[in-house]
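Written out below as structure tokens is the structure these notes cover.
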Amino acid sequence: MSLFAASGKPAWRYVQQENIVIAITAIVFLGFSVTLNNFLTTSNVLSLIQNVAILGILGLAMAQAIIGRGIDLSIVANMAVSVAATLQLANGGMPIALAIALGLALALVIGLINGMLIAYVEIPAIFATLAMGTAAYGFVRAALLNDNLIYLKAGGDGWFKWIGSGQIVGIPSSVVLFGIVAALMHVFLHHSLPGRFIYAMGDNPLAARTTGVPVRPTIVLQYVLSAGVAFLAGIVMATSVDSMETRIARSNLVYDVILVVVIGGIGLSGGKGKIRSVLVGTLLIGTLLNGMTIMDVQYTLQSIIKSLILLVAIIVDSLVNPRDEQTSQQGDI
Amino acid sequence: MTPAPLVEMRSVTKRYAGVAAVEDVDFSVRAGEVHALLGENGAGKSTLTKVLAGVTAPTSGEVLVDGTAVSFATPADALARGINMVFQENSLVPSMTVAQNLFLGDEKFFNRLRNLYIAAQQFLQSLNFNVDPWATVASLGVAKKQMVEIARAVRHNARLIVFDEPTASLTPEEKRHFFALVRRLTAKGVAIVFISHALEEALEISERITVLRDGRLIATGPTREFDRNRIVSAMVGRSLVNEGLDPRTRRSARAPGRKLLSVQNLSMGDAVRNTSFSVYAGQITGLFGLIGSGRTETAKIVAGIAKRNIFYGGEIRLEDRAVRYRIPRQAVRDGIVYVTEDRKVEGFFETMSIAENIAIGVLSARKRPPLIVSMADMAALAQEWTAKLSIKAISAEARVIELSGGNQQKVVIAKSLAQTPAVVIFDEPTRGVDVGAIAEIHQMINGLADQGLGVVVISSYLPEILSLSDRILVSQKGRIVEEFTPGNVTEEEIMFAAVH
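As given, the protein sequences belong to chains A and B, one line each in that order.
Following my numbering, the numbering of the first sequence begins with 95 at its first residue and continues without gaps.
Following my numbering, the numbering of the second sequence begins with 11 at its first residue and continues without gaps.
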């Protein structure tokens, strides 16, 4: 008898969403290279990656939450208020390193509360983080910050400024940081103990619990980690534009982050996808945004094109990998 | 001349992921007859009837209704032709009332509740069913739920009703009512397909019998040509002895070792009521009980998956230490593991490889797990366990969802055994597992007891209980009611203890 479910299905049916996105990215990239004069230059390609590095770092934080069958909607609000607090403290005369430490602590506390609410109070992640994002923004803005827009004044020409606008052998430091965070996140998810547990919980939370995975501490770790990485993304953002606009918490940046994560093939039902998926998604969105900016496409039209790309990726995935009777019983989203 | 069959299936084959669940089976039902469909767990009975009821499409072969070929795309198509299925798993909406469930799917646009309940009341009375139409389905007992399902089938003017294990959880009194109902339905010309493990019932009520084994048709004919022995030999095909399923005799039963686990007056809501038992090292404790007998709940409390009552919840002692686990992780680290009856829902990680699945088990159980997981160690572990349990797969990287049921079950078992437990609780260890793998799993379970582990096997399959157990406990309505010694107990005695 046959022991393998794979029998009778040709190999090409196993094309993953990730590969489809790689193909789309390649086509878009080639298309822009041929049609746009200034597209395929070293400086433009570098600025392309630089523009999406922050989005990518946020995507990495979001990815590990989503792989564990969660989601962190407070990621942008958390980043905005904790980095704004850091800038304001530094502007008030505090040593920059201490200001960073306090800002990071604020971010981690918000992440910790997220994790506690989800793991121990058992509120669904989508509600807990939505509420926490709004609460953190409102509370920090009202209690700690003087203004919506906090400028980077102190420490603006030292190593701190370098984080967002420096270079290493010609490569923007934000791109280098994105690469380092991606590599670390890969090691974390695939080779570390908590990383393995996150995949197990995302795949089958009940089985993970029964097997003896420490489900609750791992959930808390996820949201603390998400907050920490978001803080880093915020520092990169603040030091590259010399300010932090807290009203970014009210923008739809968080949906772009989810777009980057989901488009590369990280399923919202958890357990699926890798760090490579985030890189691929980031690259596609970066290429598109850059090309459309060179072509001077209107912002509203850009939104439409982005959403269409997401829809196409999902539709093609569902056509190429149809759900059979057995997988459809899994109750996946 | 025999009347033309109402429904006829010609050389129907159904494959799931390349594995044939039903192969080349001819099957027919005439109006007004009861056709018993018998076979072991996993023989293909449920699959065959699912094809019949339009729940799944056959891979090949054809289904004829009134002599014309049909292909049902959905159960609704089958329903429209008067084919209805009463599922083993309840298909009622628990939060709705009986009346709402009865009329589910064909309510009028403006649905006056009063009329709905009056109609439901009249309809239930016409069937002689004593069910309150205002009651929510969740509040009903198993038997009454079944009555509602049957009523729904009758209301849809069903010409063919498939009963999948209808009597499994009924009391003898309820069974009498059920059989009376079946006779009334057949007198009206309704055809019945009766799937059951209870052979006496099948012999009593059916006109024809068909026996399946491993998805193939083994025997079919009028009931008078069958007796219990012929059915059993057709079902198992070989004598139990050759299968390694010889009942354990009193002599071959293992002596109890030291007491590993003692459970006293355990209670959890209505599911587990004041139950007490012990588990000894080096012995297999068989726990037999029907659905709703609290056997799974009891096991889950012991393994920390469910929580017993805070007050008057009873006591669990591991060796000499009183334990109360909040989460399974604590039980696992104390050496108590539970191998689930539903591997898909709470057993394996489907997107992960065999190696990754087993690694999660090992990493969860280790007192001091490494922070960075070595891929080589994981691969070595997987290799060790695939060899030990002879798990068959293309490679250790194959995802578990791609394996056959038997191999999936072995992965779940390997994941638990790799945690080096002292007490292993197997809940239905061979459900949905092919015959070859059953023998291997039984052998493995025996091996564990020989190594000195405390083993508990929960099963509703009597031959499994009889062949594996050194002690047999019977649970009923949330309590352990009887203990038997193998060798001087019959299947009937065990079943008797379980139903009364």
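Each residue gets a CB set at the ideal place from its N, CA and C atoms; glycine is no exception.
Could you please give the first and the last residue of the uninterrupted beta strand (DSSP E) stretch that includes Y26(B)?
In the DSSP assignment, Y26(B) falls within the unbroken beta strand (DSSP E) covering V17 to Y26.
Kindly give me the distance between the Cβ atoms of I482(B) and F298(B), rounded to whole angstroms, as I take these residues to be in contact under 8 Å.
With a Cβ gap of about 6 Å, I482(B) and F298(B) count as contacting.
Would you mind giving the Cβ-Cβ distance between T333(A) and F282(A), rounded to the nearest angstrom? I have them listed as a contact below 8 Å.
About 25 Å separates the two Cβ atoms, so there is no contact after all.
Whole-angstrom distance between G462(B) and I207(A), CA atom to CA atom
Spanning the alpha carbons of I207(A) and G462(B) requires a straight line of approximately 46 Å.
Step through the CB atoms of chain B and report whether any lies within less than 9 Å of the CB of S286(A).
yes
Using a Cβ-Cβ distance cut-off of 9 Å, determine whether F272(A) contacts chain B.
no
Report all residues from its chain with a CB closer than 8 Å to the CB of E351(B); omit the five preceding and five following residues, and keep chain order.
T306, D437, E438, R441 and I468
Neighbour flag for G127(B) against chain A, beta carbons, 9 Å
The identity of residue 127(B) in the sequence shown is Tyr, whereas the question assumes Gly. Closer than 9 Å: no.
Cα-Cα separation, I215(B) to M505(B):
Roughly 20 Å separates the two Cα atoms.
Quick one: give me the first and last residue of the alpha helix (DSSP H) that T228(A) is part of.
Note, T228(A): alpha helix (DSSP H), A219 to A237.
Between which two residues does the beta strand (DSSP E) holding S286(B) run?
V282 to Y290
Assumed close pair L347(A), V170(A) - CB separation to whole angstroms, cut-off 8 Å
5 Å
Interface residues of chain B around G365(A) at Cβ under 9 Å?
For the C-beta of G365(A), the chain B residues within less than 9 Å are, from N- to C-terminus, F359, E360, T361 and M362.
Cutoff 9 Å: P218(A) Cβ touching any chain B Cβ:
It does not; no Cβ of chain B falls within 9 Å.
Would you call N145(A) buried or exposed, if buried means 16 or more other Cβ atoms sit within 10 Å of its Cβ?
N145(A) comes out buried.
What does the alpha-carbon distance come out to for the pair V491(B) and L381(B)?
47 Å
Please determine if the segment 221-228 of chain A and the segment 157-169 of chain A are in contact, where contact requires at least 3 C-beta pairs separated by less than 8 Å.
yes
Can you check which of these residues, G292(B), A316(B), Q293(B) and G296(B), is closest to A281(B) by C-alpha distance?
A316(B)
To the nearest angstrom, report how far apart G328(A) and I190(A) are at their CA atoms.
15 Å
Look at L112(B) and L134(B) and say whether their C-beta atoms are less than 9 Å apart.
In this structure, L134(B) lies closer than 9 Å to L112(B) by Cβ.
As a quick exercise: from A163(B), G42(B), W144(B) and Q131(B), pick the residue whose alpha carbon is nearest that of M95(B).
A163(B)
Is the distance from the Cβ of A263(B) to the Cβ of D480(B) below 9 Å?
yes
Between the segment 295-305 of chain A and the segment 320-333 of chain B, are three or more C-beta pairs nearer than 8 Å?
no
Roughly how many angstroms separate the alpha carbons of D350(A) and Q261(A), rounded to a whole number?
In a straight line, the C-alpha of D350(A) is about 26 Å away from that of Q261(A).
Contact set between Y348(B) and chain C, taken where Cβ atoms lie within less than 9 Å:
Protein chains in the displayed structure are A and B, and chain C is not among them.
Measuring alpha carbon to alpha carbon, tell me which residue in R240(B), T361(B), Q340(B) and V273(B) is nearest K366(A).
For K366(A), the closest of R240(B), T361(B), Q340(B) and V273(B) by C-alpha to C-alpha distance is T361(B).
Pick helix, strand or coil for L276(B), following the three-state DSSP scheme.
It is a strand residue.
C-alpha gap between V372(A) and T430(B), whole angstroms:
38 Å
What are the residues of the segment 307-331 of chain B that lie near chain A, defined by any Cβ-Cβ distance shorter than 8 Å?
A313 and I315
Using a C-beta to C-beta distance shorter than 7 Å, which residues of chain A count as neighbours of K425(B)?
In chain order: T305.
Return no unless some Cβ of chain B is closer than 9 Å to the Cβ of L97(A).
Confidence at L97(A) is low in this model, with a pLDDT of 34, below 50, so the placement of that residue is unreliable and no value is reported for it.
What in chain A is Cβ-close to P379(B), meaning under 8 Å?
L287
Since M173(A) and A324(A) should fall inside the 8 Å C-beta cutoff, what is the C-beta to C-beta distance between them, to a whole number of angstroms?
4 Å
Once the 5 residues before and after V269(A) are set aside, which same chain residues still bring their CB inside 8 Å of it?
L140, I143, Q144 and A147
State whether the segment 363-371 of chain B contacts the segment 332-340 of chain B, with contact taken as three or more CB pairs (one from each stretch) at a distance under 8 Å.
no
Comparing the C-beta of V164(B) with each C-beta of chain A, is any distance below 9 Å?
No, V164(B) does not count as interfacial toward chain A.
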